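*Asks:* Encoded as structure tokens, here's the structure I'll be asking about.
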Amino acid sequence: MNTAVIISLTGFLILIFMIGIWSSRNVNRKGSGFLQEYFLGSRELGGFILAMTMIATYGSASSFIGGPGVAYTEGLGWVLLAMAQVATGYFVLMVLGKKFAIMARKYNALTLVDFLKHRYNSKAVVLFSAFSIIIFLFSAMAAQWVGGARLIESLTGLTYTSALFIFAVAVLIYVILGGFRAVVLTDTVQGVVMVGGTLVILIGTIIAGGGITNIMNDLMAENPNLVTPFGAEGNLTPAYVSSFWILVGVGVVALPQVTVRAMSYRNSQAMHRALIVGTVVVGFIMLGMHLIGVFARPIIPGVETGDHVMPMIAMEVLPAWVAGIVLAAPLAAIMSTVDSLLLLVSSAVVKDVYLNYIKPDASVRRVKQISFGVTAVLGVLVFALALSPPDLLIWLNLFAFGGLEAAFIWPVIFGLYWNKANKYGAFLSMIAGVFSYVLIHQFWPDPFGMHSVVLPVVLSFVCFVAGSLFTQGKSEKPLHM
Amino acid sequence: MEYKAIDLHKDPRFKIANREALIGVVLVIINFTWWYGFAYGLGSAPPEEYTFIMGLPAWFFYSCVAGFVLMVVLVVLAVKFLFTDVPFDDEEEERR
């Protein structure tokens, strides 16, 4: 059983690896545009690739392992919650859309922090944003590595350390060599694998369960709450479920790994195509994956650990060699998230901190060495931390997405659409967002029955508007080109 | 306002961009209303009284399956009829 799985997974890793090597030709070819190429793929993304890389980056371990596991426990209510993510398929690109792309080109911005730097012209904003990205995304990345290694471990029977080693080496090599282009091309392959995998497992699960009607009857017989929107224990309230529209729906607009992709498309046709492809694919994956979790319940009853549901159901309903190919999907999801985060954290270090404040006049050769070096060092550091994850890392990872959303949502949105937005408002709202999120998460979880990200987003909105309005007329000047 | 390198309202392309961002917001509101209305409108009844469509409870079918299809249709229509192609790169000479 395991041999077939190992062969399929190895084939998948080799394919990904070769794409990375192939992409590296572009990095070396374009001498002067190195930073543009390495961190942004020279802004040449077409529509299909753009859609797939956004989805693959965003759809992480949680969509493929964690989410279906919770759906198994909670029933259809959790699928309802997950469907808030359909909005990300179109909302992000429509809102950032053309304006962000045009402004990023005018500013010559390669990262979200570059954009904020030119828009607000404030050292405090730049340093605090770079700092938040490094801290939060580094922790998020480490957590994903742990997930990737656990998955390889459970599929192949290797030890955790060797699984982590294989995973780390595969990701590091193609990211260091190929940069952004390697990341988005591998993301595209991984996205296709994710879609195919979802379809195959879903069909296999429905057949194994004797049809949807049959599965629903089994669920009703076990616990009628499983087919209601309210969750197995009846404690998924409308307020709580709806508040996920902020966290996984519209708030995603502020995640640095998503915004950087909205700078990288070739032209507006590419963006239009990505809108359609993105909506279809993200909706299909979220609906399919979470339904698989629910449908798996009558077929493999009594699974205690939610994370095991997905690998177990694939092994159960599919022939071993197909399961091997399909289980590359969650691995793909994890790898494609990790590679983007790795590149993003290294761009924050190299571009936002080193080139801005340490050595602005560094030569191209030097920048190249630093970029490869920082990416490699970060990779090794994450590897070391993932070997035995410290508590602090796990604690920080809890805040990663919500914290970044609370920090960046208003500086990005108002920066684009409000002429009166200024650095005082931006800085105040970032500080308020991050700290109130961490505090509320720790001391007042789920205030008023909503997810803890909601209040910080409201608070940072108020701080932004108040901060900007009270300081109108103070001499603040966006940078000239 | 003449000191601003980029005026957020002057560039004619930004008018288009602003309109398209607004379309995004409108779509999310439609999406949310549909999703919430069917889920809690039909789903709040006791499970014994549920009707089923294609094997799925009606609330789930309308809210999540039909809602997803509806959004795909709306996004396609919006992109085809309301979105305008604009060049991104007319400031090429300003790039460093």
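So the sequence lines, in the order shown, correspond to chains H and D.
Quick note on numbering that gives the first Met the number 0: the first sequence kicks off at 0 and runs consecutively.
Quick note on numbering that gives the first Met the number 0: the second sequence kicks off at 0 and runs consecutively.
All C-beta atoms in this analysis are idealised placements derived from N, C-alpha and C, irrespective of residue type, glycine included.
Model, not experiment: these values are computed from the prediction.
(1) Between the C-alpha atoms of F283/H and V194/H, what's the straight-line distance to the nearest angstrom?
(2) In whole angstroms, what is the alpha-carbon distance linking P446/H and K79/D?
(3) Would you identify the three-state DSSP class for I52/D, choosing helix, strand or coil?
(4) Could you tell me whether any Cβ in chain D is nearer than 9 Å to the Cβ of G282/H?
(5) For a cutoff of 9 Å on Cβ pairs, would you count V359/H as touching chain D?
(6) What's the C-alpha gap between R365/H and S345/H?
(7) Give me the Cβ distance between T204/H and I298/H, rounded to the nearest whole Å; I'm assuming they're in contact under 8 Å.
(8) Using a Cβ cut-off of 9 Å, which residues of the segment 246-274 of chain H contact any Cβ in chain D, in chain order?
(9) Could you check the C-alpha separation between M0/H and E152/H for me, to the nearest Å?
(10) Report the three-state DSSP secondary structure of L326/H (helix, strand or coil).
(11) Does DSSP put L49/H in a helix, in a strand, or in coil?
(12) Below 7 Å between beta carbons is the criterion; list the residues of the segment 209-237 of chain H that meet it against any residue of chain D, in chain order.
(13) For M93/H versus L26/D, is the C-beta spacing smaller than 9 Å?
(14) Could you name the residues that DSSP lists as bridge partners for Y353/H?
(15) Is there a Cβ from chain D that is less than 9 Å from the Cβ of M0/H?
(16) Could you give the distance in angstroms between the alpha-carbon of L163/H and the alpha-carbon of L341/H?
(17) Taking Cβ to Cβ, would you say A103/H is nearer than 9 Å to F114/H?
(18) Just by C-beta distance, which residues in the segment 69-99 of chain H are closer than 7 Å to chain D?
(19) Please list the partners that Y423/H has in chain D, where partner means a Cβ-to-Cβ separation under 8 Å.
(20) Could you please give me the residues that DSSP links to L44/H through a beta bridge?
(21) Which term fits R18/D, buried or exposed, when burial requires 16 or more other beta carbons within 10 angstroms of its beta carbon?
(22) Would you give the residue range spanned by the alpha helix (DSSP H) that I299/H belongs to?
(23) Is it buried or exposed, E73/H, if we count other Cβ atoms within 10 angstroms and call 16 or more buried?
(24) Within 10 angstroms of the Cβ of G372/H, are there 16 or more other Cβ atoms? Answer buried if so, exposed if not.
(25) At a Cβ threshold of 9 Å, is I101/H touching chain D?
(26) Figure out for me which residue from A55/H, T187/H and G196/H has the closest Cα to the Cα of G323/H.
(27) Which residues in chain H have a C-beta closer than 9 Å to the C-beta of E19/D? List them in chain order.
(28) Determine whether the Cβ of Y61/D lies closer than 9 Å to any Cβ atom of chain H.
(29) Quick check: is the beta carbon of Y416/H nearer than 9 Å to any beta carbon in chain D?
(30) Hey, is the segment 428-436 of chain H in contact with the segment 460-473 of chain H, meaning 3+ C-beta pairs nearer than 8 Å?
(31) Nearest-angstrom Cα distance between F37/D and V72/D?
(32) For K419/H, does the three-state DSSP call read helix, strand or coil?
(33) Pick out whichever of P388/H, W320/H, V456/H and A347/H has its Cα sitting closest to the Cα of F11/H.
(34) Name the chain D residues that come within less than 7 Å of S241/H, Cβ to Cβ?
(35) Determine whether the Cβ of T197/H lies closer than 9 Å to any Cβ atom of chain D.
(36) Measuring only between beta-carbons, confirm whether P11/D sits less than 9 Å from chain H.
*Replies:* In terms of the structure at hand:
(1) Separation of F283/H and V194/H (C-alpha to C-alpha, rounded to the nearest whole angstrom) is 8 Å.
(2) The C-alpha of K79/D is placed about 42 Å away from the C-alpha of P446/H.
(3) Three-state DSSP puts I52/D in a strand.
(4) Using a CB distance cut-off of 9 Å, G282/H counts as an interface residue toward chain D.
(5) First, the residue type needs correcting, since residue 359/H is Pro and not Val in the sequence shown. Under the 9 Å criterion on CB atoms, P359/H is classed as non-interfacial with respect to chain D.
(6) Answer to the nearest angstrom: the Cα atoms are 15 Å apart.
(7) Their Cβ separation, rounded to whole angstroms, is 7 Å, which keeps T204/H and I298/H in contact under 8 Å.
(8) Close to chain D, meaning a Cβ-Cβ distance shorter than 9 Å, are the following residues of the segment 246-274 of chain H: G248, V249, Y264, R265, N266, S267, Q268, M270, H271, R272 and L274.
(9) Annotation note: pLDDT 48 at M0/H (below 50); position unreliable, coordinate value reported separately. Rounded to whole angstroms, M0/H to E152/H spans 15 Å at the Cα level.
(10) Note: L326/H maps to coil in three-state DSSP.
(11) Taken through DSSP and simplified to helix, strand or coil, L49/H comes out as helix.
(12) Per Cβ criterion, the list reads G210, I211, T212, M215, M219, P223, V226, T227, P228 and P237.
(13) Cβ distance < 9 Å, so M93/H and L26/D count as in contact.
(14) According to DSSP, residue pairing for Y353/H in a beta bridge does not occur.
(15) Because the pLDDT at M0/H is just 48, under 50, the model does not fix this residue reliably, and the point stays unresolved.
(16) Using only the alpha carbons, I get a separation of about 16 Å.
(17) F114/H sits close to A103/H, with the two beta carbons spaced by under 9 Å.
(18) Taking 7 Å as the Cβ-Cβ cut-off against chain D, the residues of the segment 69-99 of chain H that qualify are L75, V78, L79, M82, V85, A86, Y89, F90, M93, V94, G96, K97 and K98.
(19) Counting only Cβ-Cβ distances below 8 Å, Y423/H has no contacts in chain D at all, with the closest Cβ about 17 Å away.
(20) Looking at the DSSP assignment, L44/H forms a beta bridge with Y264/H.
(21) Exposed is the label assigned to R18/D, since fewer than 16 other Cβ atoms lie within 10 Å of its Cβ.
(22) Element bounds for I299/H: n/a, residue is neither H nor E.
(23) Burial call: buried.
(24) Counting Cβ neighbours within 10 Å, G372/H comes out exposed, since fewer than 16 surround it.
(25) Output row for I101/H: interface = yes.
(26) Closest by alpha carbon: G196/H.
(27) Under the 9 Å cutoff, chain H gives M93, V94, G96, K97 and K98.
(28) No, its Cβ sits nowhere closer than 9 Å to a Cβ of chain H.
(29) For Y416/H, the answer is yes, since a Cβ of chain D falls inside 9 Å of its Cβ.
(30) Put simply, the segment 428-436 of chain H touches the segment 460-473 of chain H. At least three CB pairs are less than 8 Å apart.
(31) F37/D and V72/D: Cα-Cα distance of roughly 18 Å.
(32) Coil.
(33) Residue W320/H is the option with its Cα nearest to F11/H.
(34) Those within 7 Å of S241/H in chain D are Y35.
(35) False, the Cβ-Cβ gap to chain D never drops below 9 Å.
(36) Contact with chain H is absent for P11/D, since none of that chain's Cβ atoms lies less than 9 Å from the residue's Cβ.
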